[in-house]
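K.L.:
In my numbering, the protein residues as written are 622 to 987.
Shown next as structure tokens:
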């Protein structure tokens, strides 16, 4: 199919990108003691040189004592880590790309396989990271207020360092998502409740604080998912109406773009329509959306990380939906991790040169 729709410019507030391709955030754990190295900068620069329009960084944690369970996940706080990120974004800009950090708090986590632990217990809405699994403390009012402030500070730092946007990580069973999910949020205060809309209050307050700190003209993204790594078939919103009650207040609070994570982008979100998550989010809110999930590869990412290899696949269905206007941007993960030149190969119809993905690609930063 004609792939022109993937290579049209996109402008929104502080974003002015050359095409519709986004490098999806992918945790790499190559930042010792939380500090991004020159190798991290070179890794992102190569994707910019390969003509990726917008790069979203791996998750980078905010300034809370237990925001991470991994000593080698990058921080987005502290003089040394922020200097490392300044080097990253300067390299991306020098190569003609644009970039935003994904700011992150992991919430309640399982202990890391390395044995490393943060200085304080993991924190979350109710001490749970999945049903009946308590591995941390329940956040009190002060913890919540300080965490909201830390998200805002990270966003302000992103703008000050010269990033082009910021993404809030609200997906995949991490802190914000733990507030959304009734299985991990048992609170009875304003941050809990029986409905998804009620349990979204923490996310709304984070978004408001981020917007307050960056101003109206700085593009703000939130990444969301229905599924959890511990519950692949979970759906926070079981109907379009419930999704509307979830997403509309976040749009009103200041979200410019919804980054809608699925395992497979082509799967419909609700019966009676072939719209995927990003398609419904755009229809409901009128905001721009990013679709993601096994773009350009045969297998989905969870199976790949378990050892299943993936091969290049057709983009025809993606292009059909994009031409229809279902979503605005397309996030590509594993295909770009394996091949920094994936974007240019797609643009030039060099499909025979596209690479597959194997788990071994995770063990190196290239």
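We put the CB at the ideal spot given by N, CA and C, even for glycine.
Fair warning: this is a prediction, and the values are worked out from it, not measured in the lab.
Report the CB separation of residue 684 from residue 799 in whole angstroms; it is logged as a contact under 8 Å.
P.N.:
Along the chain shown, read from residue 1 onward, the residue named residue 684 stands at position 63. Along the chain shown, read from residue 1 onward, the residue named residue 799 stands at position 178. So it is not a contact: roughly 19 Å between Cβ atoms.
K.L.:
Could you compute how far the alpha carbon of residue 707 sits from the alpha carbon of residue 848?
P.N.:
Counting from one through the chain shown, the residue named residue 707 turns up at place 86. Counting from one through the chain shown, the residue named residue 848 turns up at place 227. Distance between the alpha carbons of residue 707 and residue 848: 33 Å.
K.L.:
Using the DSSP secondary-structure output, state which residues sit across from residue 725 in a beta bridge.
P.N.:
As a first step, residue 725 must be located in the chain shown, where it is residue number 104. According to DSSP, which records beta bridges pairwise, residue 725 is partnered with 682.
K.L.:
My output table needs one value for residue 655: the three-state DSSP class, helix, strand or coil.
P.N.:
Locating residue 655 in the chain shown gives position 34, counting from the first residue. If DSSP states are grouped into helix, strand and coil, residue 655 belongs with the helices.
K.L.:
Bridge partners for residue 841 per DSSP, in chain order?
P.N.:
As a working mapping, residue 841 is identified with position 220 in the chain shown. According to DSSP, which records beta bridges pairwise, residue 841 is partnered with 787.
K.L.:
Taking 9 Å as the cut-off, decide whether the C-beta atoms of residue 875 and residue 828 are in contact.
P.N.:
The residue labelled residue 875 in the question sits at position 254 within the chain shown. The residue labelled residue 828 in the question sits at position 207 within the chain shown. Result yes, Cβ atoms of residue 875 and residue 828 sit closer than 9 Å.
K.L.:
Less than 6 Å between C-beta atoms, sequence neighbours within five positions excluded: which residues of the same chain meet that for residue 840?
P.N.:
As a working mapping, residue 840 is identified with position 219 in the chain shown. Excluding sequence neighbours, residue 840 sits near 633, 634, 635, 636, 786, 877.
K.L.:
Alpha carbon to alpha carbon, how far is residue 737 from residue 690?
P.N.:
For the purposes of this step, residue 737 is taken as the residue at position 116 of the chain shown. For the purposes of this step, residue 690 is taken as the residue at position 69 of the chain shown. Distance from the CA atom of residue 737 to the CA atom of residue 690, rounded to whole angstroms, is 7 Å.
K.L.:
Leaving out five residues before and five after residue 692 in sequence, what residues of the same chain have Cβ atoms less than 6 Å from its Cβ?
P.N.:
Here residue 692 corresponds to residue number 71 of the chain shown, with the count starting at 1. For residue 692, same chain residues with a beta-carbon under 6 Å away, outside a window of 5 residues either side, are 737 in chain order.
K.L.:
Where residue 904 and residue 735 are concerned, what is the direct C-alpha to C-alpha distance, given to the nearest angstrom?
P.N.:
On the chain shown, residue 904 is found 283 positions in, with the first residue counted as 1. On the chain shown, residue 735 is found 114 positions in, with the first residue counted as 1. Taking the straight line joining both Cα atoms gives about 44 Å.
K.L.:
Just to confirm the assignment: which complete alpha helix (DSSP H) runs, minimum length 4, are found wholly within the segment 860 to 922?
P.N.:
Taking only runs of at least 4 residues, the alpha helix (DSSP H) segments lying wholly in the segment 860 to 922 are 861 to 874, 898 to 906.
K.L.:
Just curious, the alpha helix (DSSP H) that residue 978 is in, first and last residue?
P.N.:
Working through the chain shown from its first residue, we reach residue 978 at position 357. Counting along the chain, residue 978 falls outside any alpha helix (DSSP H), and DSSP gives it neither H nor E.
K.L.:
So is residue 700 buried or exposed if we call it buried at 16+ other beta carbons inside 10 Å?
P.N.:
The sequence position of residue 700 within the chain shown is 79, counting from 1. Exposed, because fewer than 16 other Cβ atoms sit within 10 Å of the Cβ of residue 700.
K.L.:
List the residues that DSSP assigns as beta-bridge partners of residue 745.
P.N.:
Numbered from 1 along the chain shown, position 124 holds the residue referred to as residue 745. Per DSSP, 759.
K.L.:
State whether the segment 656 to 672 contacts the segment 715 to 722, with contact taken as three or more CB pairs (one from each stretch) at a distance under 8 Å.
P.N.:
yes
K.L.:
Return the first residue and the last residue of the beta strand (DSSP E) that residue 631 is part of.
P.N.:
What you label residue 631 is simply residue 10 of the chain shown in a count that begins at 1. Note, residue 631: beta strand (DSSP E), 631 to 633.
K.L.:
Report the partner residues of residue 850 according to the DSSP bridge assignment.
P.N.:
Within the chain shown, the letter at position 229 stands for residue 850. DSSP output for residue 850 lists no bridge partner at all.
K.L.:
So which of 834, 909, 803 has the shortest CA-CA distance to residue 820?
P.N.:
Here the question's residue 820 lines up with position 199 in the chain shown. Among 834, 909, 803, the Cα nearest to that of residue 820 belongs to 803.
K.L.:
Sort 657, 662, 823, 755 by Cα distance to residue 726 and report the nearest one.
P.N.:
To locate residue 726, count along the chain shown from 1; it is residue 105. Measuring from the Cα of residue 726, the nearest candidate turns out to be 823.
K.L.:
Which same chain residues, not among the five before or five after residue 698, have their C-beta less than 6 Å away from its C-beta?
P.N.:
The residue you call residue 698 lines up with position 77 of the chain shown. Same-chain partners within the cutoff: 684.
K.L.:
Between 880, 625, 972, 919, which has its C-alpha nearest residue 906's C-alpha?
P.N.:
Against the chain shown, residue 906 aligns to sequence position 285. When each option's Cα is compared against that of residue 906, the closest is 880.
K.L.:
Starting from residue 953, follow the beta strand (DSSP E) in both directions and report where the run begins and ends.
P.N.:
If you number the chain shown from 1, residue 953 lands on position 332. Here the beta strand (DSSP E) through residue 953 covers 950 to 953.
K.L.:
According to DSSP, simplified to helix, strand and coil, what is residue 719?
P.N.:
The residue you call residue 719 lines up with position 98 of the chain shown. Strand at residue 719.
K.L.:
Nearest-angstrom Cα distance between residue 818 and residue 862?
P.N.:
As a first step, residue 818 is located in the chain shown; it is residue number 197 there, counting from the start. As a first step, residue 862 is located in the chain shown; it is residue number 241 there, counting from the start. A straight-line Cα-Cα distance of about 11 Å links residue 818 and residue 862.
K.L.:
In or out: residue 945 buried (at least 16 other Cβ within 10 Å) or exposed?
P.N.:
Taking the chain shown and counting its residues from 1, the one referred to as residue 945 is at position 324. Exposed, by the Cβ-count rule.
K.L.:
State the CB to CB distance for the pair residue 645 and residue 967, rounded to an integer number of angstroms; the pair is presumed to be in contact (CB under 8 Å).
P.N.:
By 1-based counting over the chain shown, the position of residue 645 is 24. By 1-based counting over the chain shown, the position of residue 967 is 346. That pair is no contact at about 15 Å.
K.L.:
Do you know how far the Cα of residue 622 is from the Cα of residue 937?
P.N.:
As a first step, residue 937 must be located in the chain shown, where it is residue number 316. As a first step, residue 622 must be located in the chain shown, where it is residue number 1. If I take the Cα positions, the gap works out to 6 Å.
K.L.:
Starting from the C-beta of residue 776, find all residues in its chain whose C-beta is less than 6 Å away, skip the five residues before and the five after it, and write them out in chain order.
P.N.:
Counted from its first residue, the chain shown places residue 776 at position 155. So the list reads 787, 831, 834, 835, once near-sequence residues are dropped.
K.L.:
Out of curiosity, what's the CA-to-CA distance linking residue 931 and residue 984?
P.N.:
Sequence index remark: in the chain shown, residue 931 carries index 310 (1-based). Sequence index remark: in the chain shown, residue 984 carries index 363 (1-based). Answer to the nearest angstrom: the Cα atoms are 16 Å apart.
K.L.:
Mind reading off the beta-carbon distance from residue 721 to residue 696? Whole number of angstroms is fine, and I expect it under 8 Å.
P.N.:
Counting from 1 along the chain shown, the entry for residue 721 is found at position 100. Counting from 1 along the chain shown, the entry for residue 696 is found at position 75. That belief does not hold up - the Cβ atoms of residue 721 and residue 696 are roughly 16 Å apart, past 8 Å.
K.L.:
Taking all protein chains shown into account, do 16 or more other C-beta atoms lie within 10 angstroms of the C-beta of residue 682, making it buried, or fewer, making it exposed?
P.N.:
In the chain shown, the residue the question calls residue 682 occupies position 61. Residue environment analysis places residue 682 among the buried positions, since at least 16 neighbouring C-beta atoms fall within 10 angstroms of its C-beta.
K.L.:
Mind checking which residues open and close the alpha helix (DSSP H) that includes residue 817?
P.N.:
The count along the chain shown starts at 1 and reaches residue 817 at position 196. Taken as a continuous stretch (DSSP letters only), the alpha helix (DSSP H) holding residue 817 covers 817 to 820.
K.L.:
Beta-carbon separation of residue 764 and residue 703 under 9 Å?
P.N.:
Here residue 764 refers to the residue found at position 143 when the chain shown is read from its first residue. Here residue 703 refers to the residue found at position 82 when the chain shown is read from its first residue. Contact flag unset, no.
K.L.:
How about residue 851 and residue 813: do their beta carbons lie closer than 9 Å?
P.N.:
One-based indexing of the chain shown puts residue 851 at position 230. One-based indexing of the chain shown puts residue 813 at position 192. The answer is no: Cβ separation not under 9 Å.
K.L.:
Using 8 Å for Cβ pairs, my map puts residue 618 next to residue 868. What's the rounded Cβ distance?
P.N.:
In this structure the chain extends from 622 to 987, so residue 618 is not present and cannot be described.
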